[in-house]
Amino acid sequence: MTKQLNGIAASSGIAIGKAFILQEPKLCIEERKIDDVLSEIKRFEHALELTKQDLVMIRDSVKMKMDQEKAEIFEAHLLILEDPELVDKVKVTIEKEKINAESAWNTEVQTIIGIFGQINDSYMKERAADIKDVSKRVLLHLSGQQWKSIDWTAEEVILIAEDLSPSETAQLDPGVVKGIVTDIGGRTSHSAIMARTMQIPAVVGTKESTQLVEPGTIVIVDGLEGNVILNPSTEQIKTYETKRCAHQKIQSELTRIIGLPVQTEDGFRVELVANIGSLIEVEAVLQNDAMGIGLFRTEFLFMEREQMPSEEEQFQVYQAVLTKMEQKPVIFRTLDIGGDKHLPYLELPQEMNPFLGFRAIRLCLERKDLFRTQLRALLRASVYGHLKIMFPMIATLDEWHQAKNLLMEVKEELLCEKVPVSHDISVGMMVEIPSTAVMAEQFAKEVDFFSIGTNDLIQYTFAADRMNERVSYLYQPCHPTILRLVKMVIDAAHKEGKWTGMCGEMASDPIAIPLLIGLGLDEFSTNPQTILQTKKIIRALTREEAQHLAEKALSMATSEQVETLVKNSARTPV
Amino acid sequence: MITKTIVVTRKNGIHARPASQFVKVATSFESEVTVIKNGKSGNGKSIMGIMAMAIASGEEIILSTSGVDEEQAMEALENVLTELED
Chain S
1 MTKQLNGIAA SSGIAIGKAF ILQEPKLCIE ERKIDDVLSE IKRFEHALEL TKQDLVMIRD
61 SVKMKMDQEK AEIFEAHLLI LEDPELVDKV KVTIEKEKIN AESAWNTEVQ TIIGIFGQIN
121 DSYMKERAAD IKDVSKRVLL HLSGQQWKSI DWTAEEVILI AEDLSPSETA QLDPGVVKGI
181 VTDIGGRTSH SAIMARTMQI PAVVGTKEST QLVEPGTIVI VDGLEGNVIL NPSTEQIKTY
241 ETKRCAHQKI QSELTRIIGL PVQTEDGFRV ELVANIGSLI EVEAVLQNDA MGIGLFRTEF
301 LFMEREQMPS EEEQFQVYQA VLTKMEQKPV IFRTLDIGGD KHLPYLELPQ EMNPFLGFRA
361 IRLCLERKDL FRTQLRALLR ASVYGHLKIM FPMIATLDEW HQAKNLLMEV KEELLCEKVP
421 VSHDISVGMM VEIPSTAVMA EQFAKEVDFF SIGTNDLIQY TFAADRMNER VSYLYQPCHP
481 TILRLVKMVI DAAHKEGKWT GMCGEMASDP IAIPLLIGLG LDEFSTNPQT ILQTKKIIRA
541 LTREEAQHLA EKALSMATSE QVETLVKNSA RTPV
Chain B
1001 MITKTIVVTR KNGIHARPAS QFVKVATSFE SEVTVIKNGK SGNGKSIMGI MAMAIASGEE
1061 IILSTSGVDE EQAMEALENV LTELED
């Protein structure tokens, strides 16, 4: 029975293949009293043995695929199973307390995970995840189940799962996994980000794919439209095969412009950089030949955890990003988060309107300890590459002063502690609150650069939530109002010899790009996956024409008029 | 039993591969292996123990081996701790 599931397009491309369902096994770790200690210990040893065999198989198959790094992870897992301290302690507990192996094992494992959690090292945190993985396997064997993880297959598959954990996504092999479908999640969940970075077509948020898909049946993943087709007809397979080839062709054509300069036909150059939110995405930034990172969202470090990330933890990530990017500029945006996200350790108030509330720079200026920690980590990392800093959600000049002064204070503090800090750090701000666009001339005197966050700027300007289906029609990037605000900001910056970039989605919008070139935007920052496309469009323009277009567009009254103008102009490859 | 104070010069300390390597080498010998850092001691054959010690590059530890092959063990383990390549 052919069926279509609708979800969220998380990673572009088309994939056609056999379904492999990732089942989350059910584990039961209740404590039970036992009578026969010896046979319980034997049961425990047997489970360990089975787990070891699993891991040896996986390690060897991974080694064959020449992935030495991954093989070492499983090597470490094997050592955990053989750890005398761990194994002996569990046996002693079984004997002394006369409880079941599951419970004794789990208690020991939790203790170790606790110890590792205390160590302020991102590497150690990952090892805690390893221990959890190994522990799960042992518990499964104790319960008589076997963990059918993705390592078991050699043939190409479409992976169907409720969601993919970070450790599961880390183990994905793009040679084997041709497409991904999940029940839950959105464009910014870990699995979506990984899928994009690994260039595997993915559709997330389908709600019931794991229930509806039969293992081994054919599935089509349309990562462009966000659809999944189960048991497609021969017709459909043909159609999608054609679509897939067409998409591949476009992608490979785009790779041909890697290495070419980002300049218009008449030689006008701009910076083309990337927006990312995690260390793993740096790979995609480099693959797509971005000139730098125009927005590094630091929020992910703070999300989905029980405690504040320490200065050391933050420092390690910032340093790792800068090191990997070598001398290419990286603009870190300080914490931009609020009550809409679940952050238990911040104890944020419940607000009626979190997007107009206590968040981002407002939060940071009040919780100075939090802000200082982040600033210290950033400044310490500054000597490892080309670091720049920008503040989000600035509304007034006073906020800018406070933030900048605090940064300078923290810098002094570090220098007094004899900690090396770069002396060449550009400090700028996001332009997302309309008041700053209106007052751009004043701000331009003080900042080193602007980065226009059009996603929020447009929402605040038209007072409409783009996620609200009833009013999302008011989210109009190419409306003359927005163009005027952008122009104000760019002109103000240029008057003071400063530059303006844009990190909102408008920067990769094919209709907007010619206008932005015409208005004089200096830097385009887009998702890694749209960089080459953006470059292609810029390279097909002339600045002269773009300037004419922009001038005309500014005099128009509606978005439709602007769009028609751009679409009708000869040069734009829309 | 032989005891030696060693400065760990392994580039990234005893994390990841070095920890696994250390434990593998330690386990290959019959001798007991003990690592002491800052007064805390751990079983050199325990991967959990070694990783939890979080031995950083430049740190000083006391390595102790005891058994039939204690000399070979000491030599092999010292190599792991001071190997410059990572």
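Quick note, the sequences are listed as chains S and B, same order. For the first sequence, the working numbering gives the first residue as 1, with consecutive numbering after it. For the second sequence, the working numbering gives the first residue as 1001, with consecutive numbering after it. Positions of the beta carbon are idealized from the N, C-alpha and C atoms, including for glycine.
Cβ of residue i within 8 Å of any chain S Cβ
i: B/Ile1067; result: Here residue 1067 of chain B is Gly; the residue named in the question, Ile, does not match the sequence. Closer than 8 Å: no.
i: B/Met1051; result: yes
i: B/Met1048; result: yes
i: B/Ser1057; result: no
i: B/Asn1043; result: yes
i: B/Arg1010; result: no
i: B/Val1035; result: no
i: B/Val1023; result: yes
i: B/Arg1017; result: yes
i: B/Ser1064; result: no
i: B/Ser1020; result: yes
Secondary structure of residue i, DSSP reduced to three states
i: S/Glu351; result: coil
i: S/Thr234; result: helix
i: S/Asn455; result: helix
i: S/Gln4; result: strand
i: B/Thr1082; result: helix
i: S/Ile73; result: helix
i: S/Thr188; result: coil
i: S/Arg372; result: helix
i: S/Glu271; result: strand
i: S/Gly329; result: According to the sequence provided, residue 329 of chain S is Pro. The question's Gly does not apply to it. In the structure shown, S/Pro329 sits in a strand (DSSP, three-state: E or B).
i: B/Arg1017; result: helix
i: S/Ser103; result: helix
i: B/Glu1032; result: strand
i: S/Lys42; result: helix
i: S/Gln199; result: coil
Inter-residue CB distance, residue i and residue j (contact presumed, cutoff 8 Å)
i: S/Ala464; j: S/Ile433; result: Not quite, the Cβ-Cβ distance comes to about 15 Å (not below 8 Å), so this is no contact.
i: S/Ile14; j: S/Gly223; result: 7 Å
i: S/Lys536; j: S/Val262; result: The Cβ separation is near 10 Å, so there is no contact.
i: S/Ile41; j: S/Ile94; result: 6 Å
i: S/Val270; j: S/Ile531; result: The pair is not a contact, with the Cβ atoms about 12 Å apart (cut-off 8 Å).
i: S/Lys91; j: S/Lys33; result: Wrong, their Cβ atoms sit about 17 Å apart, outside the cutoff.
i: S/Ile58; j: S/Ile220; result: Their Cβ separation, rounded to whole angstroms, is 29 Å, which puts S/Ile58 and S/Ile220 out of contact at 8 Å.
i: B/Ile1014; j: B/Thr1065; result: About 16 Å; that fails the 8 Å criterion.
i: B/Lys1011; j: B/Glu1078; result: At roughly 16 Å, the Cβ-Cβ gap does not stay under 8 Å, so B/Lys1011 and B/Glu1078 are not in contact.
i: S/Leu295; j: S/Asn275; result: 4 Å
i: S/Gly385; j: S/Gln327; result: 6 Å
Any chain B beta carbon closer than 8 Å to residue i
i: S/Phe20; result: no
i: S/Ala76; result: yes
i: S/Arg127; result: yes
i: S/Pro84; result: yes
i: S/Glu366; result: no
i: S/Leu322; result: no
i: S/Glu72; result: yes
i: S/Leu79; result: yes
i: S/Ile531; result: no
i: S/Ile99; result: no
Pair within 8 Å by beta-carbon distance, residue i and residue j
i: S/Pro528; j: S/Ala192; result: no
i: B/Glu1060; j: B/Val1007; result: yes
i: S/Pro392; j: S/Asp336; result: yes
i: S/Phe20; j: S/Pro215; result: yes
i: S/Ser569; j: S/Gln476; result: no
i: S/Ile184; j: S/Glu162; result: yes
i: S/Glu9; j: S/Val203; result: Sequence inspection shows Ala at residue 9 of chain S; the Glu mentioned does not correspond to that position. Contact flag set, yes.
i: S/Thr206; j: S/Leu5; result: yes
i: S/Ile452; j: S/Met502; result: yes
i: S/Thr643; j: S/Arg333; result: One cannot answer for residue 643 of chain S here, as it falls past the ends of chain S, which runs 1 to 574.
i: S/Val330; j: S/Leu387; result: yes
i: S/Gln402; j: S/Leu365; result: yes
i: S/Thr500; j: S/Phe462; result: no
i: B/Thr1082; j: B/Thr1034; result: no
Near the ligand GDP: residue i beta-carbon under 7 Å from a heavy atom
i: S/Leu407; result: Absent from the structure shown: the ligand GDP. Ligands present: none.
Beta-carbon neighbours of residue i, restricted to chain A and to distances below 9 Å
i: S/Phe116; result: Here the protein chains are S and B, and chain A is not one of them.
Inter-stretch contact at 8 Å, needing at least 3 Cβ pairs: the stretch 419 to 433 of chain S / the stretch 376 to 389 of chain S: Three or more beta-carbon pairs separated by less than 8 Å link the stretch 419 to 433 of chain S to the stretch 376 to 389 of chain S, which places the two stretches in contact.
Counting Cβ pairs closer than 8 Å, one from the stretch 95 to 107 of chain S and one from the stretch 72 to 85 of chain S, do we hit at least three? Judged by Cβ distances under 8 Å, the stretch 95 to 107 of chain S makes no contact with the stretch 72 to 85 of chain S, as fewer than three pairs qualify.
Count Cβ pairs between the stretch 514 to 525 of chain S and the stretch 433 to 444 of chain S that sit closer than 8 Å; are there 3 or more? no
Do the stretch 292 to 309 of chain S and the stretch 343 to 352 of chain S meet, that is, are 3 or more Cβ pairs less than 8 Å apart? yes
Can at least three beta-carbon pairs, one atom from the stretch 1024 to 1036 of chain B and one from the stretch 539 to 554 of chain S, be found at a separation below 8 Å? no
Using a Cβ distance threshold of 8 Å, determine whether the stretch 347 to 358 of chain S contacts the stretch 319 to 327 of chain S, with at least three qualifying pairs required. no
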